[in-house]
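**Q**
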Amino acid sequence: MANRRSGIKLKWHILSHLGDSQLVWMYEETGVREYFSELFMRYLPLIYGMALKYVPDEEQAKDSVKRLFDVLLEEFDRSDLTNDVFRDWLYRHSHDFYVAYARQNRLYERNYFANRIESSLSDRAFECARILEAASDESEDLLDMARPYLTKHEYTCLDQFFLRRRSFRGISSTTGLLAGSVKRYIETGLEKMAAMPELEPVL
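Set out below in structure tokens:
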């Protein structure tokens with residue numbers, strides 16, 4: 000048993016001293032997953048830091064890193080790194096993964112939000128949400144018009160959710176508000192917007 004353990008330690012000691020290009024070559028030649036795992040793990044701090052930018056919840060970020068490993072391994076098997084640096088390849092594909100991950104998460108939350116509040120908001124408030132969701136010049140004008148009627152938290156949540164396209168968790172991470180509070184501020188903000196006298200010619 001002792002000899003086996005020392006052999007494992009020696010093996011990983013050797014892997015840690017190999018360069019990225021050597022590990023890439025060894026994985027491509029043998030298909031041994033440990034070589035790719037070593038490449039992935041040496042850049043784990045970079046990957047996890049990127050994850051937290053797109054997935055502010057720490058537990059969800061950790062889960063996303065596990066999913067990313069499988070995605071990258073599959074993509075790596077289809078790639079040719081002859082004229083590419085592994086670190087650059089890893090950064091590029093990890094970035095693409097998290098952009099798509101964040102977009103999917105926002106889409107889920109936006110659909111959930113829309114389905115949940117459609118029955119609880121007034122027709123005028125829901126129309127305000129529809130205008131803001133377009134994230135156009137009209138949306139910015141509408142939110143600017145409403146600013147005097149909104150509290151600081153209501154304005155911030157509406158701005159970040161609709162115009163900045165941030166998720167509930169993303170807003171929570173930048174404001175310190177709970178996700179449930181973010182939803183309530185958005186709902187109350189929309190109702191205040193709907194009650195503005197300036198909206199008569201708009202809606």
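The numbering of the sequence shown is numbering that gives the first Met the number 0, which starts it at 0 and goes up by one.
For each residue, glycine too, the CB sits at the ideal point set by N, CA and C.
Predicted model only: the values in this text are computed from it and were never measured.
Please identify the residue among C127, Q59 and D79 whose C-alpha is closest to the C-alpha of S20.
**A** Answer by Cα proximity: D79.
**Q** Answer with buried or exposed for D158, where buried requires no fewer than 16 other C-beta atoms within 10 angstroms of its C-beta.
**A** D158 is buried by the Cβ-count criterion.
**Q** Hey, is the region 161-170 in contact with the region 51-64, meaning 3+ C-beta pairs nearer than 8 Å?
**A** Contact between the region 161-170 and the region 51-64 is present, because at least three Cβ pairs lie under 8 Å.
**Q** Are the CB atoms of C156 and G188 nearer to each other than 8 Å?
**A** yes
**Q** With burial defined as no fewer than 16 other Cβ atoms inside 10 Å of the residue's Cβ, what is the status of M192: buried or exposed?
**A** buried
**Q** Taking C-beta to C-beta, are L72 and F35 nearer than 8 Å?
**A** yes
**Q** Do the CB positions of I205 and E137 come within less than 8 Å of each other?
**A** Given that the chain is displayed from residue 0 to residue 202, the structure contains no residue 205 and the question cannot be resolved.
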